[in-house]
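Report on one structure; see the data block that follows.
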Amino acid sequence: MKLGFSTLAMAAALAFSANSFATERVEHFKGVPSPDLATAVKNFSEYNNLLAKQLDGELTPQALAEIHQLTYTLEVALEKIGDEVKALADTLEEVHVASETSEPEKLAEEGKKYMQVVNELKKL
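In terms of mature numbering (1 follows the signal peptide of the UniProt record, and there is no 0), the sequence shown is residues -22 to -1, 1 to 102.
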């Protein structure tokens, strides 16, 4: 089979692109936004299910591209979840101090905030 110049040039370009893709971080997709914890938990769960399906199959170039794209949404969701967990530690400290200093009103307020976040995290 004889390959023409344009076919060889295209093959070389694809090989170069594939090599560049493997060695450089490509950032050309935006993840699905996770503006709040409930959305972040939903996106985290949904996109991890998609990732699991891809990982269970053959890792073809198409699968790699799909995994690459969906990881952006997972990164966005994890960032929001991480921020919420950091804030949760501060809220728990408020609950702790309010219980220690006999401040039932503050304890109820902070406890409610704490449990709202905990209940969302339980959905993970």
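Heads up, the beta-carbon is just placed ideally off N, CA and C, and yes, glycines get one too.
Ranking 74, 75 and 63 by CA distance to the CA of residue 94 puts 63 first.
If you draw a straight line from the Cα of residue 86 to the Cα of residue 73, it comes to about 8 angstroms.
For residue 10, the three-state secondary structure derived from DSSP is coil.
Within the region 18 to 94, the runs of alpha helix (DSSP H) at least 4 residues long that lie entirely inside it are, in chain order, 39 to 78. Its Cα nearest to that of residue 70, the residue 89 stands out among 100, 23, 80 and 89.
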